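To start, the structure itself, in structure tokens.
There are 2 protein chains.
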Amino acid sequence: MTIIFYDIPSDRVGAWSPNTWKTRFCLNFKGIPYKTEWVEYPDIAELSKKLGFKPTGKTPWDGTDYYSLPAIHDPSTGAYISDSWEIAEYLEKQYPDTPTLFPNGTKGLQAAIADGYHVALGSLWAFILPATNEILNSKSQGYFSRTRQLAFKVEKIQDLVPKGEKAVEEWGKLQSSLDKVDRWYAKTDDKGPFILGETISWSDLNIASWTIWMKVTFGEDSKEWKDIASWQGGRWSKLLVDLEKYSAKKD
Amino acid sequence: MTIIFYDIPSDRVGAWSPNTWKTRFCLNFKGIPYKTEWVEYPDIAELSKKLGFKPTGKTPWDGTDYYSLPAIHDPSTGAYISDSWEIAEYLEKQYPDTPTLFPNGTKGLQAAIADGYHVALGSLWAFILPATNEILNSKSQGYFSRTRQLAFKVEKIQDLVPKGEKAVEEWGKLQSSLDKVDRWYAKTDDKGPFILGETISWSDLNIASWTIWMKVTFGEDSKEWKDIASWQGGRWSKLLVDLEKYSAKKD
Numbered sequence: 001m002t003i004i005f006y007d008i009p010s011d012r013v014g015a016w017s018p019n020t021w022k023t024r025f026c027l028n029f030k031g032i033p034y035k036t037e038w039v040e041y042p043d044i045a046e047l048s049k050k051l052g053f054k055p056t057g058k059t060p061w062d063g064t065d066y067y068s069l070p071a072i073h074d075p076s077t078g079a080y081i082s083d084s085w086e087i088a089e090y091l092e093k094q095y096p097d098t099p100t101l102f103p104n105g106t107k108g109l110q111a112a113i114a115d116g117y118h119v120a121l122g123s124l125w126a127f128i129l130p131a132t133n134e135i136l137n138s139k140s141q142g143y144f145s146r147t148r149q150l151a152f153k154v155e156k157i158q159d160l161v162p163k164g165e166k167a168v169e170e171w172g173k174l175q176s177s178l179d180k181v182d183r184w185y186a187k188t189d190d191k192g193p194f195i196l197g198e199t200i201s202w203s204d205l206n207i208a209s210w211t212i213w214m215k216v217t218f219g220e221d222s223k224e225w226k227d228i229a230s231w232q233g234g235r236w237s238k239l240l241v242d243l244e245k246y247s248a249k250k251d
Numbered sequence: 001m002t003i004i005f006y007d008i009p010s011d012r013v014g015a016w017s018p019n020t021w022k023t024r025f026c027l028n029f030k031g032i033p034y035k036t037e038w039v040e041y042p043d044i045a046e047l048s049k050k051l052g053f054k055p056t057g058k059t060p061w062d063g064t065d066y067y068s069l070p071a072i073h074d075p076s077t078g079a080y081i082s083d084s085w086e087i088a089e090y091l092e093k094q095y096p097d098t099p100t101l102f103p104n105g106t107k108g109l110q111a112a113i114a115d116g117y118h119v120a121l122g123s124l125w126a127f128i129l130p131a132t133n134e135i136l137n138s139k140s141q142g143y144f145s146r147t148r149q150l151a152f153k154v155e156k157i158q159d160l161v162p163k164g165e166k167a168v169e170e171w172g173k174l175q176s177s178l179d180k181v182d183r184w185y186a187k188t189d190d191k192g193p194f195i196l197g198e199t200i201s202w203s204d205l206n207i208a209s210w211t212i213w214m215k216v217t218f219g220e221d222s223k224e225w226k227d228i229a230s231w232q233g234g235r236w237s238k239l240l241v242d243l244e245k246y247s248a249k250k251d
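Going down the list, the sequences are from chains A and B.
Under the UniProt record's numbering, the first sequence has 227 at position 227, and the numbering climbs by one with no breaks.
Under the UniProt record's numbering, the second sequence has 64 at position 64, and the numbering climbs by one with no breaks.
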């Protein structure tokens, strides 16, 4: 049976969300059939409550339940699951004959690198959130900018973008924190291209998901993406090429 | 042939240094014969230059070469190697028939968790560096306190210790950042006790090394150690028990 995969649309660039890309990659990598249902931001909470998806956190502005995508419904089991990590765990358990995301007991180590990578992206948000608002469909833009303004305590989402010297400094910080991630990859004996060498795992799909976000949001011809694609010997743009086989956007 | 392993002494508590413990654990785990040479802090740089150990970094106070232990000399190859990670890599390559520290291509993931764990210890230094000075032999105390005062820009090493509410807050931060490390461990499918499940690897020896430092420096009967030993369901004190077999201090 076909899994229903809930994602956030962008008519301008197509599938873009880093968190939903994690699930899309997992489904593609495992070869599990799915169909995408596109949900605009203002409809996510209502849909989640209706279908019974668990909240994935609390809002930073008023501490109430926060609902987000990805989420999947698996008609073969009746399961409704939200949160990209929980979905990965579900797919591992439910479809044990498909390629594994966590080979050789590496789940704990992969959780660790995911946290470390997320910390490394610390300087990115200020640049990419305003750009993300621009690629969303108009129905989602108001919701996205309002909630991010609340979360980051700014008047306008565009105010997040650093200016002048501060911009150079913050962008440089992103590059040097990605240096650290690059050194982790470089440590692997046979030099990759994946964090486990020739074996693809959750970590690579996770990092590729964030990287796709940067690519489609800033745009392939942007200075930002050209920088990122050239950093660390082109490791991140090459990672997308090496995972191209699993990057299909099935509707 | 027997490897010469250079460590820093403490007549009061015995082997204590987290960085040298990493190497001691590796040697014990691999079952490679070694003999410890004890070197007081003021003698490390001179010895390193004489024997040809590479500096392991730059001093934060004047940017000159910094020499540190562990270091090993392997008479069977003539190699002189410093830095616990480089020693681990050397032992892996030179003694491929001994138990591996980085199974299944996990070297990159293990480098990532090591960085993440180190970041998690951020609040520890202020508490443990002054206590460390107390357990050192008198020959090393002056050097240790002087260099740490320069590095942390304080008049006296004791000034580092937070007082009153600040102490409670910083100690609480340590506990909650170790929660994060605990969650990584908890993710591993069969629930450990090691980060790869039943398989010991560098990551466990690394974390155990830092934990031994806490235990012997604060003292088994201290409030500090009792706290740490009880945190996260006793995971860290249990880790030491699970690795006891590899904790022998050979002189």
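Every residue gets a Cβ at the ideal spot worked out from N, C-alpha and C, and that includes glycine.
All figures in this text were calculated on a predicted structure; none of them were measured in a lab.
Exercise. On the three-state DSSP scale, how would you describe A:Leu-136?
Worked result: In this structure, A:Leu-136 counts as coil in the three-state DSSP scheme.
Exercise. Nearest to A:Lys-156 by alpha carbon, out of A:Ala-167, A:Gly-164, A:Gly-142, A:Val-168?
Worked result: Considering only alpha carbons, the answer is A:Gly-142.
Exercise. Does the distance from the CB of A:Lys-187 to the CB of B:Gly-105 come in under 8 Å?
Worked result: No, these two residues do not count as a Cβ contact at 8 Å.
Exercise. Listed from N- to C-terminal order along the chain, which residues in the region 170-184 of chain B have their beta-carbon within a distance smaller than 9 Å of any beta-carbon of chain A?
Worked result: Taken in chain order, the members of the region 170-184 of chain B whose beta-carbon sits within less than 9 Å of a beta-carbon on chain A are Lys-180, Val-181, Arg-183, Trp-184.
Exercise. A:Thr-64 CB to nearest chain B CB: under 8 Å?
Worked result: False, the Cβ-Cβ gap to chain B never drops below 8 Å.
Problem set entry | Spatially closest choice to A:Trp-231 from A:Val-216, A:Ile-200, A:Asp-182, A:Leu-196, by CA coordinates | Selected option, being the one with the closest Cα: A:Asp-182.
For this session: Count the other CB atoms, across all protein chains shown, that sit within 10 Å of the CB of B:Leu-51; report buried if there are 16 or more and exposed otherwise.
Result: By the 10 Å Cβ count, B:Leu-51 comes out exposed.
For this session: Kindly indicate which three-state DSSP category residue 253 of chain A falls into: helix, strand or coil?
Result: In the structure as shown, chain A starts at 1 and stops at 251, and residue 253 of chain A therefore has no counterpart that could be examined.
Exercise. Do B:Ile-4 and B:Lys-35 come within 8 Å of each other at the CB atom, strictly closer than that value?
Worked result: Contact flag set, yes.
Exercise. Any Cβ of chain A within less than 8 Å of the Cβ of B:Pro-193?
Worked result: For B:Pro-193, the answer is no, since every Cβ of chain A falls outside 8 Å of its Cβ.
For this session: Give a yes or no on contact between the region 18-26 of chain A and the region 209-223 of chain A, applying the rule of three or more CB pairs nearer than 8 Å.
Result: The region 209-223 of chain A and the region 18-26 of chain A touch, with three or more beta-carbon pairs separated by less than 8 Å.
Exercise. Roughly how many whole angstroms lie between the Cα atoms of A:Ala-15 and A:Ala-248?
Worked result: Whole-angstrom Cα-Cα distance: 10 Å.
Problem set entry | Delimiting residues of the beta strand (DSSP E) encompassing A:Glu-37 | 34-38 is the extent of the beta strand (DSSP E) around A:Glu-37.
Exercise. Can you give the Cα-Cα distance for A:Leu-124 and A:Ala-131, rounded to whole angstroms?
Worked result: Those two C-alpha atoms are separated by around 11 Å.
Exercise. Looking at the unbroken alpha helix (DSSP H) that takes in B:Ala-229, where does it start and where does it end?
Worked result: B:Ala-229 -> alpha helix (DSSP H) spans 223-242.
Problem set entry | Option in A:Ile-195, A:Val-39, A:Thr-199, A:Lys-30 with minimal Cα separation from A:Tyr-90 | Among A:Ile-195, A:Val-39, A:Thr-199, A:Lys-30, the Cα nearest to that of A:Tyr-90 is on A:Lys-30.
For this session: Check the DSSP bridge columns for B:Gly-197 and list the partner residues they point to.
Result: Answer is B:Phe-194.
For this session: Output, in chain order, the set of chain B residues within a Cβ distance shorter than 7 Å of A:Gly-116.
Result: Neighbourhood of A:Gly-116 in chain B, by CB distance below 7 Å: Ala-112, Asp-115, Gly-116, in chain order.
Exercise. Along the chain, where does the beta strand (DSSP E) that runs through B:Ile-72 open and close?
Worked result: Taken as a continuous stretch (DSSP letters only), the beta strand (DSSP E) holding B:Ile-72 covers 71-74.
For this session: Along the beta strand (DSSP E) that carries B:Ile-3, what are the first and last residues, could you check?
Result: It spans 3-7 - the beta strand (DSSP E) in which B:Ile-3 sits, taken as one unbroken run.
Exercise. Where B:Arg-146 and A:Ile-8 are concerned, what is the direct C-alpha to C-alpha distance, given to the nearest angstrom?
Worked result: Here the alpha carbons of A:Ile-8 and B:Arg-146 stand approximately 57 Å from one another.
Problem set entry | Within chain B, the residues that A:Pro-70 reaches when beta carbons sit closer than 9 Å | Scanning chain B for C-beta atoms nearer than 9 Å to the C-beta of A:Pro-70 yields nothing, as the closest lies near 19 Å away.
Problem set entry | 8 Å Cβ cutoff met for A:Asp-11 and A:Asn-133 | No, Cβ-Cβ distance for A:Asp-11 and A:Asn-133 is not below 8 Å.
Exercise. Going along the region 193-211 of chain A in order, which residues come within less than 9 Å of chain B, judged by CB to CB distance?
Worked result: Those would be Phe-194, Ile-195, Leu-196, Gly-197, Glu-198, Thr-199, Ser-201, Ser-203, in chain order.
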